[in-house]
Amino acid sequence: MVSLVTQMLDLHQSLAAEGVPHAKAVLQRRIEATDRQIDALVYELYGLTDAEIAVVEQEGAKGLEHEGAK
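The opening position of the sequence shown corresponds to residue 36 in our numbering, with each subsequent residue numbered one higher.
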């Protein structure tokens, strides 16, 4: 988990410094993939069922929609 978080921090730093749109898109996809890996580890750590994971992800999506409305 620690290595994934470190990777995530490095990716965000690279994204902030990148100026080429295609390279930014590639970095963004890597960030999203790393985020999914971290999520999966957290779900496993807490022993969440598929139903519980669905609720967490649905609530997370609602939170993102709300943030976008600001």
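A virtual CB, placed ideally from N, CA and C, is assigned to each residue, including glycine.
| query | result |
| --- | --- |
| Host alpha helix (DSSP H) of Thr41 (start-end) | Val37 to Ala52 |
| Counted within 10 angstroms of its Cβ, other Cβ atoms place Leu80 as buried (16 or more) or exposed | exposed |
| Contact belief for Asp74 with Met43 at Cβ below 8 Å, rounded distance in angstroms | Their Cβ separation, rounded to whole angstroms, is 11 Å, which puts Asp74 and Met43 out of contact at 8 Å. |
| Span separating the alpha-carbon of Asp45 from that of Gly98 | 25 Å |
| C-beta contact flag for Val91 and Tyr78 at 9 Å | yes |
| C-beta atoms of Leu76 and Leu50 nearer than 9 Å | no |
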